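Same order as they appear, the protein sequences are chains A and B.
To convert, take the position in the first sequence, counting from 1, and add 68; that gives the working numbering.
To convert, take the position in the second sequence, counting from 1, and add 68; that gives the working numbering.
Ideal Cβ placement from N, Cα and C applies to all residues, glycine included.
Keep in mind that this is a model prediction, so the values were computed, not measured.
First up is the structure itself, then whatever we jot down about it.
2 protein chains.
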Amino acid sequence: MSITVVGSIAFDSVETPFGQRDRMLGGAATHFALAASLLDQVRLVGPVGDDFGDAELAVLRTRGSNIDDVERVAGGKTFFWKGKYGWDLNTRETLDTQLNVFEHFSPKLSEASRASDVLFLANIQPGLQLQVRQQCEAAKFVALDSMNLWIDIARDELLAIIGQVDCLVLNDEELRQLTGKPNLISAAHEILGSGPSIVVAKQGEYGSALITKDDFFALPAYPLHTVVDPTGAGDTFAGGFVGFIARQLGGGLSGDVLRNAMAYGTALASFNVERFGTEGLESVQAPAVHERVADLDRFARFDPIAVELIV
Amino acid sequence: MSITVVGSIAFDSVETPFGQRDRMLGGAATHFALAASLLDQVRLVGPVGDDFGDAELAVLRTRGSNIDDVERVAGGKTFFWKGKYGWDLNTRETLDTQLNVFEHFSPKLSEASRASDVLFLANIQPGLQLQVRQQCEAAKFVALDSMNLWIDIARDELLAIIGQVDCLVLNDEELRQLTGKPNLISAAHEILGSGPSIVVAKQGEYGSALITKDDFFALPAYPLHTVVDPTGAGDTFAGGFVGFIARQLGGGLSGDVLRNAMAYGTALASFNVERFGTEGLESVQAPAVHERVADLDRFARFDPIAVELIV
Chain A
69 MSITVVGSIA FDSVETPFGQ RDRMLGGAAT HFALAASLLD QVRLVGPVGD
119 DFGDAELAVL RTRGSNIDDV ERVAGGKTFF WKGKYGWDLN TRETLDTQLN
169 VFEHFSPKLS EASRASDVLF LANIQPGLQL QVRQQCEAAK FVALDSMNLW
219 IDIARDELLA IIGQVDCLVL NDEELRQLTG KPNLISAAHE ILGSGPSIVV
269 AKQGEYGSAL ITKDDFFALP AYPLHTVVDP TGAGDTFAGG FVGFIARQLG
319 GGLSGDVLRN AMAYGTALAS FNVERFGTEG LESVQAPAVH ERVADLDRFA
369 RFDPIAVELI V
Chain B
69 MSITVVGSIA FDSVETPFGQ RDRMLGGAAT HFALAASLLD QVRLVGPVGD
119 DFGDAELAVL RTRGSNIDDV ERVAGGKTFF WKGKYGWDLN TRETLDTQLN
169 VFEHFSPKLS EASRASDVLF LANIQPGLQL QVRQQCEAAK FVALDSMNLW
219 IDIARDELLA IIGQVDCLVL NDEELRQLTG KPNLISAAHE ILGSGPSIVV
269 AKQGEYGSAL ITKDDFFALP AYPLHTVVDP TGAGDTFAGG FVGFIARQLG
319 GGLSGDVLRN AMAYGTALAS FNVERFGTEG LESVQAPAVH ERVADLDRFA
369 RFDPIAVELI V
């Protein structure tokens, strides 16, 4: 199996109450790949500029990820984002966005990337996501992320590509915005009626919920005493989630596989937010991941005690 | 065992996207009692006015709750709250608050109420909570709720009474505000160092988290397609949570007891929010409660699938 991810590769300047970092390696495809590479072979697709160095390419190649389709645009500059988080890290303000090489990006997938069994369409313009989807006819599992911007300015295109994926991974408030339904469960079921068989609502510090036609599952975020930088948490989660599914795809997508995928996504996201940028996922080791997945199992489980109620 | 609850008994006028109701029976002690009465004998303590009728008293007596200490203040009017919820029910605006009989409330507990093994100090002025705490020397388990108002104007008094309870039940943003710590886990551990051995963070539509010195547990809210009126959800949750603990107190407070208490609180809160005011908890039946607790067990549990990670 291999996973193709198409999305942003970026430089991020981030200020949180815990410090400030300039021009760290970031971007949705980057964070996704660093997580998914723990579980399967990843192929990255996305543009970078002349300012993107060998050190950054080496990070993208972590755990054997393939960067043949990382396009270095001559004379171009890498996508840049600058943001500042509020004191509880639940709000953030975008201070600067420079699309740069993304402005005229047209995804060109090699034969190998088109042949992947699993495809993750990270948050980019929905029309580009559709182009990629059409190039990847062999994909057996396709997941997609998006953002409020595209709901605002390209809603019809977004709904068109959502109709052609297996799984939508979206922030819960964006699910509400997209469907116009204030209730998360109703919003998710509206999406389930339009194509995808799986909806994952990302809920930030509260964790995530998985909704299918017949099932519901939720996990809290991994409890941490210190969260340093939430940037990329959602993409890291998606990397663990999709990576686990890719790893298990041969056996079919049972409820257990999806639930474990949620646990791996949640555990990996916790390593991301403990450090700035890509530091956490570059250095994470397998025993620590397994330990946090086992913790999550304990944190979520209860063994029912029978009581008779007073009526 | 019996549970004494001291708190507001109120008339609520509520507007949500699903409708508007005037002067419904409400108040923290009311919602708490309706939930806890499914699990144990409840004794309500709180003032009402001349405008409080026999029909409302009958609701307070649901499932045998004792109202000997519901004080009818001659010439007084019952506490009144009027609020309006936003489209996703996650925001609400208070349109009117009339303290009325609460303005000069001085809790007088009968001998029977003072003798309860379990005490719930619902959200009232912290000085009054302390007075009640001192009257209930026999209590083996005391839980307390509060709100941002008291953190703002009576922080020292609030910290004083928190130091004398076993369990603090508070909205997660209020835990942050109270401790000045932006991180929920750090905030909870700061409280755990000041007296209580259990902190429950209420997280609205995201559910709730239980934090003790050595444990963490979280449950999502019960997934519903329609939420009609969230008023009283937190107090209903507290009623189920404290009620379950009261029921099991003889056997000691194991992690399993606390987790099941969370599940009962969560299940009962879901019946509250499905209907306006007290309608849901007045009519709830035991099999439906047990079914939702069993659902929550399934919604939160996953059986780990072992994978080797790529390193």
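Contact residues within the segment 290-316 of chain A, judged by C-beta distance below 8 Å to chain B: Pro291, Leu292, His293, Thr294, Val295, Phe312, Arg315 and Gln316
Reduced DSSP category for asparagine 328 (chain A) - H, G, I as helix; E, B as strand; rest coil: Numbered from 1 along the first sequence, position 260 holds the residue referred to as residue 328 (chain A). The answer is helix: DSSP assigns asparagine 328 (chain A) an H, G or I state.
Nearest neighbour of alanine 96 (chain B), chosen from B:Glu83, B:Pro85, B:Arg160 and B:Ala78 [CA to CA]: By one-based count along the second sequence, residue 96 (chain B) stands at place 28. With distances taken between Cα atoms, alanine 96 (chain B) lies closest to B:Ala78.
Rounded C-alpha distance that separates arginine 129 (chain A) from glutamate 347 (chain A): Taking the first residue of the first sequence as 1, we reach residue 129 (chain A) at position 61. Taking the first residue of the first sequence as 1, we reach residue 347 (chain A) at position 279. Near 14 Å, if we compare the C-alpha coordinates of glutamate 347 (chain A) and arginine 129 (chain A).
Glycine 318 (chain A) Cβ short of 7 Å to the ligand MG heavy atom set: Absence of the ligand MG from the depicted structure is noted, as is the absence of any ligand whatsoever, leaving it without description.
Beta-carbon neighbours of glycine 132 (chain A), restricted to chain B and to distances below 9 Å: For the purposes of this step, residue 132 (chain A) is identified with residue 64 of the first sequence, where counting begins at 1. The contacting residues are Ile378.
Leucine 236 (chain B): first and last residue of the uninterrupted beta strand (DSSP E) it sits in: In the second sequence, residue 236 (chain B) corresponds to position 168, counting from 1. Start and end: 235-239.
Cβ pair phenylalanine 209 (chain B), arginine 327 (chain A) closer than 8 Å: To locate residue 209 (chain B), count along the second sequence from 1; it is residue 141. To locate residue 327 (chain A), count along the first sequence from 1; it is residue 259. For phenylalanine 209 (chain B) and arginine 327 (chain A), no; Cβs fall outside 8 Å.
Contact set between glutamate 206 (chain B) and chain A, taken where Cβ atoms lie within less than 9 Å: Stepping through the second sequence from its first residue, residue 206 (chain B) is reached at position 138. Strictly speaking, residue 206 (chain B) in this sequence is alanine, with glutamate absent from that position. Those do not exist, as alanine 206 (chain B) stays about 22 Å from chain A at its closest Cβ, beyond 9 Å.
Assumed close pair phenylalanine 285 (chain A), leucine 278 (chain A) - CB separation to whole angstroms, cut-off 8 Å: As a working note, residue 285 (chain A) is residue 217 in the first sequence. As a working note, residue 278 (chain A) is residue 210 in the first sequence. Correct: roughly 4 Å between the Cβ atoms.
Nearest candidate by alpha-carbon position, reference arginine 182 (chain B), set B:Leu167, B:Gln199, B:Phe173 and B:Gln193: As a working note, residue 182 (chain B) is residue 114 in the second sequence. Comparing Cα-Cα distances from arginine 182 (chain B) to each of B:Leu167, B:Gln199, B:Phe173 and B:Gln193, the minimum goes to B:Gln199.
Terminal residues of the alpha helix (DSSP H) in which alanine 211 (chain B) lies: Sequence index remark: in the second sequence, residue 211 (chain B) carries index 143 (1-based). Premise fails: alanine 211 (chain B) lies in the beta strand (DSSP E), 209-212, not in any alpha helix (DSSP H).
Given 8 Å, three or more beta-carbon pairs between the segment 148-163 of chain B and the segment 356-364 of chain A: no
Extent of the continuous beta strand (DSSP E) to which phenylalanine 305 (chain B) belongs: As a working mapping, residue 305 (chain B) is identified with position 237 in the second sequence. Segment 301-316 is the alpha helix (DSSP H) holding phenylalanine 305 (chain B); no beta strand (DSSP E) there.
8 Å Cβ cutoff met for methionine 69 (chain B) and aspartate 185 (chain B): For the purposes of this step, residue 69 (chain B) is taken as residue 1 along the second sequence, with counting starting at 1. For the purposes of this step, residue 185 (chain B) is taken as residue 117 along the second sequence, with counting starting at 1. Taking 8 Å as the Cβ cut-off, methionine 69 (chain B) and aspartate 185 (chain B) qualify as a contacting pair.
For isoleucine 266 (chain A), the first and last residue of its enclosing beta strand (DSSP E): For the purposes of this step, residue 266 (chain A) is taken as the residue at position 198 of the first sequence. Its beta strand (DSSP E) spans residues 266-270.
Rounded straight-line distance, which links the Cα of proline 115 (chain B) to that of phenylalanine 147 (chain B): Position 79 of the second sequence, counted from the first residue, corresponds to residue 147 (chain B). Position 47 of the second sequence, counted from the first residue, corresponds to residue 115 (chain B). Approximately 8 Å, taken between the alpha carbons.
Rounded straight-line distance, which links the Cα of isoleucine 313 (chain A) to that of leucine 321 (chain A): On the first sequence, position 253 is the one that residue 321 (chain A) refers to. On the first sequence, position 245 is the one that residue 313 (chain A) refers to. Each residue's alpha carbon lies about 7 Å from the other.
Interface residues of chain A facing serine 254 (chain B) [CB-CB closer than 8 Å]: Within the second sequence, the letter at position 186 stands for residue 254 (chain B). Chain A residues near serine 254 (chain B): His293 and Thr294.
The segment 71-86 of chain B contacting the segment 97-114 of chain B, beta-carbon criterion three pairs below 8 Å: yes
Residue range of the unbroken beta strand (DSSP E) whose run includes isoleucine 131 (chain A): Indexing the first sequence from 1 puts residue 131 (chain A) at position 63. Reading off the sequence, residue 131 (chain A) comes out as arginine, not isoleucine. Element bounds for arginine 131 (chain A): n/a, residue is neither H nor E.
Counted within 10 angstroms of its Cβ, other Cβ atoms place alanine 301 (chain B) as buried (16 or more) or exposed: Working through the second sequence from its first residue, we reach residue 301 (chain B) at position 233. Alanine 301 (chain B) is buried by the Cβ-count criterion.
Cutoff 8 Å: isoleucine 373 (chain B) Cβ touching any chain A Cβ: As a working mapping, residue 373 (chain B) is identified with position 305 in the second sequence. Yes, its Cβ sits closer than 8 Å to a Cβ of chain A.
Cβ neighbours of arginine 89 (chain B) in the same chain (closer than 6 Å, five flanking residues each side left out): If you number the second sequence from 1, residue 89 (chain B) lands on position 21. Hits under 6 Å: Val82 and Phe344.
Distance between beta carbons of glycine 311 (chain A) and alanine 289 (chain A), contact taken as under 8 Å: Here residue 289 (chain A) corresponds to residue number 221 of the first sequence, with the count starting at 1. Here residue 311 (chain A) corresponds to residue number 243 of the first sequence, with the count starting at 1. About 18 Å; that fails the 8 Å criterion.
Segment contact flag, the segment 249-258 of chain B with the segment 257-265 of chain A, C-beta cutoff 8 Å, min 3 pairs: no
Test: glutamine 353 (chain B) CB closer than 8 Å to a CB of chain A: Within the second sequence, residue 353 (chain B) is the residue found at index 285, counting from 1. Taking Cβ atoms only, chain A reaches closer than 8 Å to glutamine 353 (chain B), which makes this a yes.
Partner residues on chain B for asparagine 251 (chain A), Cβ-Cβ distance less than 7 Å: Here residue 251 (chain A) is taken as the residue at index 183 of the first sequence, counted from 1. Result: His293, Thr294 and Val295.
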